[in-house]
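Just below is one structure, and these are the notes that go with it.
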Amino acid sequence: MFRQSTANDVERLFMKKLIVFLFLFAGSVAGLAQDVLVPPAAIDLGILGDEISVLTLDTIGSAVEDTELGIYDAAGNLLDQNDDSGGGGAGKYQSRVVVQNLTEGTYYAAVSAYDTTFGPADFAVSGGGVSGGIVLNYSDGLSDVAGVGAAPLDGADAAGGVAWFSFEIGVGGESHTLEIAALSNGTVSGGGTYRAGATATLEALPNPGYVFTGWSGDASGNDNPFTLVMNGDRTVGATFARAEIVVGTTGDVNATLTYSITGGQVTIQDCNQTVSGVLVIPATLEGLPVTSIGDNAFWGCNQLVRVDIPGGVTSLGEEAFRSCSRLTNVRIPDSVTSMGAGAFWDCRELSRVIIPARVTSIAQLLFNGCSSLTSVTIPDGVNRIGTLAFGGCIKLTRVVVPEGVTLIEDSVFAGCSGLTTVSLGQNVTSIGRRAFYQCSGLISIDLPEGLTTIGSGAFDFCISMESLTIPASVTSIGSSAFYNCRSLVSVTIPATVSSLGDQAFARCIALTDLHISEGITSLGFGMFLGCFALERVDLPESITSLGDFAFMDCRALTVVNFLGSAPSVGRLPFGFSGGQPSPPGLERAASVQPQYAASFGGVGADWNGFTVGISAPPQAPPRLAISSSPDGLVFEIYSLAIGRAYEIEVSSDLQSWTSFRSLGGEESEYTFSIARPAAARTFYRVVAADR
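In this note's numbering, the protein residues as written are 7 to 697.
This is how it looks when you write it as C-alpha cells:
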C-alpha cells in the first residue's frame, strides 16, 4: 500500500507527536487469524514523517501498567514488539517499541495488554483487559514522549482486545517521475515516483513470441535490466521484435519459426503458413532446448508433408497442427507427455500415428477429421479418451482401448465408417452418447462384463452390426442406442436394465430374435418401430405399459405372446404408418394366459388389432446368434423344440427368403461355421419348418 503525499500531508510531516486515545475492556480474548492482521478498521494515523531513521512508539497513561505493543509491515511481518511493563503511573510508558531505517510504505501498530504474544500469523491473548485510558505516542528520536490526558475511544475499534493503527512513512525532499511510454508486444517494469538522485531499475518483458531489442527515450542501448539515476522526470520506451528463425525444408518455401523463451526453455509459437515440404524442428534455439509446440503453432500450414518433432519436446499445444491438410507423417518423440485438444484436427492425409508411451490422456478432437488415418497405437497407460478424439476417421479399421479407460466418452469414434473391430478394455463401465455413431462397418463388438451404461445413440447407424450381447451388468440403455442397426438379428434385453430409452432398437429391420427379460416393466416411444422382420414377440409378465408406436410398422409381426395382464398402451402401439391399427386382411393374434384373458377383453376380442386367444404352454422361440471369426461366421442356434424341424433361411433384401440349412430337430442346440458370404449384405433367420 502506498498513498501519494498531498499538500496537507506534507504540512503534517512537521508534527513531532501524535496522540491517540483508546480503552481496552476486561475479558478473555481468543486468538485471531492472519486475515485480521491488517484489519479494515485500523485507525489511520496518516504520514508520520519522511526518511525517519529511528521511530519510537510507546503507550502511557494506563491505569494498569502492563500494556503490550507490536509493529508490522504491510505484508504482516512482525518488525518488533514489547511484552513487558516499562514503568508505572500516569506519564510513564508501559510498553515501547523502537524501530530503525523504515523505508517508504505502510505500517501497522497493534496495542493490547497482559502478556499478549505477537506473531506473524496470530495472537494468543491471556488474562483480563485494561480499563482506563491508553495513549499511543510516536517520536523520531529515542526520548520519552510526555503523556496527555486519556480520552475514550469506541470499544468496537478494539475488536478481539487488540486496537489497530496504520501509518505511512513518506518520501522526503524532491521527487521525480519515471514514466513508461506506450508499448507494443511487451511491457516494462520500474515506472513510478523516486526521490531525487535515487536509482531506478527498468526491466523489459517481451510478450510470448517476441524479444527485446532496445531502449528509447531517456534510456539507451539494450542492457536488460537497465539502471537509471533519477535526477529529473524521465520517460522511457522499449522496442520488441518477433523472435524468429528461418529453418530450411525440402519444399519451395522455408519455415520461419516464431518462438518464445521462458525459464530457459523454448516454445515454438508460430510458423508461416506458406511453408512446404519436410520440416525438421530444431532441438535448440539460442542454445536453449525446444520443449513445447504452442497452441495453433502450425495451424493451416497445408503444404507441409512431414514434420519431425525433436526429442526433448514434452507437450504439443491445442490445435498445434490443425488443418495441415497435406501432412502425411509426423514423428512424435517418446519425450512427449501431453497433446492438446485438436492437435491434429483435420489433418486429412495423416495415415499413421504412434502415440508416445508417456501420454496418459487422449484429448478431445485430437485426431478428429483425420480421414486417411488407418492405424493408431494407443499406449497401455492411457486412462482417458476425449470427446470426438477419433471422430470422422473413416479409414481407421481397428482400435484397441486400454484397460485403464473406464469411460468411452461422447462421439469418440463417431463417423468411423471403416471401423470393423473394436476391443474394449474390461474396465469400461460406460459408453457415451453417439460414441460409435455411424460406424457403418462395425460387424460386432464385445461389451465387457461390468458395463452399466449405454448412452443415447451409442451405436446409432451401425448398419453392419450382426450380433450383440448386452451384459447382465447393464442398467441403462439410452434413447436410439441401437437405432438403425439394420443387420442386427438377435437382441436380449437383460433384467438388470431399469432405464430403457425411446426408440432404442427402432429400425432394426433384420431383427427376428427378440428376448425381453422378466423384470422389464415398460417399452417406450417407438422402441421397436420399423423392425420389419420381427414375426413374434414374447412380452414378460412384468410388462405393464407400451408407449406410443412401440411396435409400429412391424410388418411381419403376427403373434404377440403376453405372459401377464393387458398392459396400458399409448397411441398405435402395433399400428402402421397412416394411422392404421392393422392393415386389412392381416391376421394378428394376441396369445394370452387364461387367467389374464379378461384384461384383454376376453377370448375373441380385438385388442389393438390383435385377436385375443389362449396361448399354448409357453415355448421359448428358437434363438439364432451369429458372430465373426477369422475364418468366417459362427452360427449358434438354441431353444429348439426336440422333434420339431427347423429351417435357417437367408435373404439379401428381407423380402425374399430361401432355405439355407435344415435342422432335423434331434437336438435343442446347434453350432456350425461357414465362410463369410461374398454379398455385402446378407440376412439370416431360423423358422419352424411347419410354420
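We treat Cβ as the ideally placed atom computed from N, Cα and C, and that holds for glycine.
(message) According to DSSP, is Tyr78 part of a helix, a strand, or is it coil?
(response) Position 72 of the sequence shown, counting from 1, holds the residue named residue 78. Three-state DSSP puts Tyr78 in a strand.
(request) Please name the residue or residues paired with Trp731 in a DSSP beta bridge. (result) The structure shown does not extend to residue 731, since the chain is modelled only from 7 through 697, so no value can be given for it.
(message) In whole angstroms, give me the CA-to-CA distance for Val136 and Thr109.
(response) Numbered from 1 along the sequence shown, position 130 holds the residue referred to as residue 136. Numbered from 1 along the sequence shown, position 103 holds the residue referred to as residue 109. Model confidence at Val136 stands at a pLDDT of 45, short of 50, so the residue's coordinates are unreliable; what they give is reported in the following sentence. Answer to the nearest angstrom: the Cα atoms are 33 Å apart.
(request) Let me know the secondary structure DSSP gives Ser605 once reduced to three states. (result) Taking the first residue of the sequence shown as position 1, residue 605 is located at position 599. In the structure shown, Ser605 sits in a helix (DSSP, three-state: H, G or I).
(message) Assuming Arg358 is part of the beta strand (DSSP E), what are its boundary residues?
(response) Working through the sequence shown from its first residue, we reach residue 358 at position 352. Taken as a continuous stretch (DSSP letters only), the beta strand (DSSP E) holding Arg358 covers 358-360.
(message) Give me, in chain order, the residues of the same chain whose beta-carbon lies closer than 7 Å to that of Asp41; leave out the 5 immediate sequence neighbours on both sides.
(response) Counting from one through the sequence shown, the residue named residue 41 turns up at place 35. Note that Asp41 scores 39 on pLDDT, short of 50, meaning its location in the model is unreliable and no value can be drawn from it.
(request) Give the C-beta separation of Gly615 and Pro587 to the nearest angstrom, bearing in mind that I take them to be a contact with Cβ-Cβ under 8 Å. (result) Looking up residue 615 in the sequence shown gives position 609. Looking up residue 587 in the sequence shown gives position 581. That belief holds up - the Cβ atoms of Gly615 and Pro587 are roughly 4 Å apart, short of 8 Å.
(message) Taking the alpha carbon of Ala206 as the reference point, which residue from Leu372, Thr664, Gly197, Ala247 has its own alpha carbon closest?
(response) Working through the sequence shown from its first residue, we reach residue 206 at position 200. Ala206 has its Cα closest to that of Gly197, out of Leu372, Thr664, Gly197, Ala247.
(request) Go through its chain and collect everything with a Cβ distance to Val693's Cβ below 7 Å, but skip five positions before and after it. (result) Along the sequence shown, read from residue 1 onward, the residue named residue 693 stands at position 687. Contacts found: Tyr652, Glu653, Glu655.
(request) Please state whether DSSP places Pro5 in a helix, a strand or coil. (result) In the structure displayed, the chain extends from 7 to 697; residue 5 sits before or after that span and is not available.
(message) For Thr527, which residues in the same chain have their Cβ closer than 6 Å to its Cβ, ignoring the five residues on either side in sequence?
(response) The residue given as residue 527 occupies position 521 in the sequence shown. Answer for Thr527: Ser548, Thr550, listed in chain order.
(request) Compare the C-alpha of Thr688 against each of Ser473, Thr256, Ile414 and name the closest. (result) Within the sequence shown, numbered from 1, the residue matching residue 688 stands at position 682. Thr688 has its Cα closest to that of Ser473, out of Ser473, Thr256, Ile414.
(message) The beta strand (DSSP E) that contains Pro212, what's its start and end?
(response) Numbered from 1 along the sequence shown, position 206 holds the residue referred to as residue 212. Run containing Pro212: 204-212, per the beta strand (DSSP E) assignment.
(request) Tell me whether Asp416 is buried or exposed, calling it buried when 16 or more other Cβ atoms sit within 10 Å of its Cβ. (result) As a first step, residue 416 is located in the sequence shown; it is residue number 410 there, counting from the start. Buried, since its Cβ has 16 or more Cβ neighbours within 10 Å.
(request) Alpha carbon to alpha carbon, how far is Asp86 from Glu79? Give it in angstroms, no decimals. (result) Along the sequence shown, one-based indexing puts residue 79 at 73. Along the sequence shown, one-based indexing puts residue 86 at 80. Sequence inspection shows Asp at residue 79; the Glu mentioned does not correspond to that position. Near 10 Å, if we compare the C-alpha coordinates of Asp86 and Asp79.
(request) Could you spell out the range, first to last residue, of the beta strand (DSSP E) harbouring Cys277? (result) Stepping through the sequence shown from its first residue, residue 277 is reached at position 271. Cys277 -> beta strand (DSSP E) spans 271-277.
(request) Leaving aside the five residues before and after Ile400 along the sequence, list all residues of the same chain whose C-beta is less than 7 Å from its C-beta, in chain order. (result) Looking up residue 400 in the sequence shown gives position 394. Closer than 7 Å at the Cβ level, and outside the excluded window around Ile400, lie Ser377, Gly421, Cys422, Ser423, Gly424.
(message) Let's test the definition: count the other Cβ atoms within 10 Å of the Cβ of Ser679 and tell me whether it reaches 16, buried, or not, exposed.
(response) Position 673 of the sequence shown, counted from the first residue, corresponds to residue 679. Label assigned to Ser679: exposed.
(request) Have a look at Ser344, Gly398, Leu372, Ala116 and flag the residue whose alpha-carbon is nearest the alpha-carbon of Gly387. (result) Locating residue 387 in the sequence shown gives position 381, counting from the first residue. Ranking the options by Cα distance to Gly387, first place goes to Ser344.
(request) Spatial neighbours of Gly223 within its chain, please: CB distance less than 7 Å, with the 5 preceding and 5 following residues excluded, ordered by chain position. (result) Looking up residue 223 in the sequence shown gives position 217. Once the five neighbours on either side are set aside, the close Cβ partners of Gly223 are Ala187, Thr241, Val242, Gly243.
(message) Closest to Gly3 by C-alpha separation, out of Pro579, Gly348, Phe557, Ile483, would be which residue?
(response) Here the chain covers residues 7 to 697 and nothing more, so residue 3 does not appear.
(request) Determine the contact status of Tyr200 and Ala247, defining contact as a CB-CB distance below 8 Å. (result) Along the sequence shown, one-based indexing puts residue 200 at 194. Along the sequence shown, one-based indexing puts residue 247 at 241. Result no, Cβ atoms of Tyr200 and Ala247 do not sit closer than 8 Å.
(message) For Val543 and Val434, what's the separation of their Cα atoms in angstroms?
(response) Counting from 1 along the sequence shown, the entry for residue 543 is found at position 537. Counting from 1 along the sequence shown, the entry for residue 434 is found at position 428. For Val543 and Val434, the distance between alpha carbons rounds to 32 Å.
(request) May I have the straight-line CA-CA distance separating Arg492 from Ala512, to the nearest angstrom? (result) Residue 492 sits at position 486 when you count from the first residue of the sequence shown. Residue 512 sits at position 506 when you count from the first residue of the sequence shown. For Arg492 and Ala512, the distance between alpha carbons rounds to 9 Å.
(request) Give me the Cβ distance between Val411 and Ile391, rounded to the nearest whole Å; I'm assuming they're in contact under 8 Å. (result) In the sequence shown, residue 411 corresponds to position 405, counting from 1. In the sequence shown, residue 391 corresponds to position 385, counting from 1. Val411 to Ile391, Cβ: 6 Å. Contact.
(message) The beta strand (DSSP E) that contains Gln444, what's its start and end?
(response) Position 438 of the sequence shown, counting from 1, holds the residue named residue 444. Unbroken run through Gln444: none, as it is neither H nor E.
(message) Under 8 Å, with one C-beta from each stretch per pair, do the region 563-580 and the region 596-610 reach the 3-pair mark?
(response) yes
(request) Determine the burial state of Ala261: buried for a count of at least 16 other Cβ atoms within 10 Å of its Cβ, exposed for fewer. (result) Looking up residue 261 in the sequence shown gives position 255. Its Cβ being crowded by 16 or more others within 10 Å, Ala261 is buried.
(request) Check whether the Cβ atoms of Phe555 and Cys514 lie closer than 8 Å to each other. (result) In the sequence shown, counting from the first residue as 1, residue 555 sits at position 549. In the sequence shown, counting from the first residue as 1, residue 514 sits at position 508. Not in contact: Phe555 and Cys514 (Cβ atoms no closer than 8 Å).
(request) Can you grab the Cα-Cα spacing for the pair Phe304 / Ser298, in whole Å? (result) Mapped onto the sequence shown, residue 304 falls at position 298. Mapped onto the sequence shown, residue 298 falls at position 292. Cα-Cα distance, rounded: 13 Å.
(message) Buried or exposed for Asp301, going by 16 or more other Cβ atoms inside 10 Å?
(response) Locating residue 301 in the sequence shown gives position 295, where the first residue counts as 1. Asp301 is buried by the Cβ-count criterion.
(message) Would the region 270-289 count as touching the region 226-238 if we require 3 or more Cβ pairs under 8 Å?
(response) no
(request) Measure the Cβ-Cβ separation of Ser479 and Thr498 and say whether it is below 8 Å. (result) Against the sequence shown, residue 479 aligns to sequence position 473. Against the sequence shown, residue 498 aligns to sequence position 492. Contact flag unset, no.
(message) Whole angstroms are fine: how far does the CA of Val405 sit from the CA of Ser195?
(response) Stepping through the sequence shown from its first residue, residue 195 is reached at position 189. Stepping through the sequence shown from its first residue, residue 405 is reached at position 399. Between Ser195 and Val405, the C-alpha separation is close to 53 Å.
(message) Restricting to Cα atoms, I'd like to know which of Ser658, Ala681, Ile643, Gln661 is closest to Gly670.
(response) Locating residue 670 in the sequence shown gives position 664, counting from the first residue. Among Ser658, Ala681, Ile643, Gln661, the Cα nearest to that of Gly670 is on Ile643.
(request) Assuming Val418 and Leu630 form a contact by the criterion Cβ under 8 Å, report the distance between their Cβ atoms to the nearest whole angstrom. (result) Locating residue 418 in the sequence shown gives position 412, where the first residue counts as 1. Locating residue 630 in the sequence shown gives position 624, where the first residue counts as 1. Actually they are not in contact, since the Cβ atoms of Val418 and Leu630 sit about 31 Å apart, beyond 8 Å.
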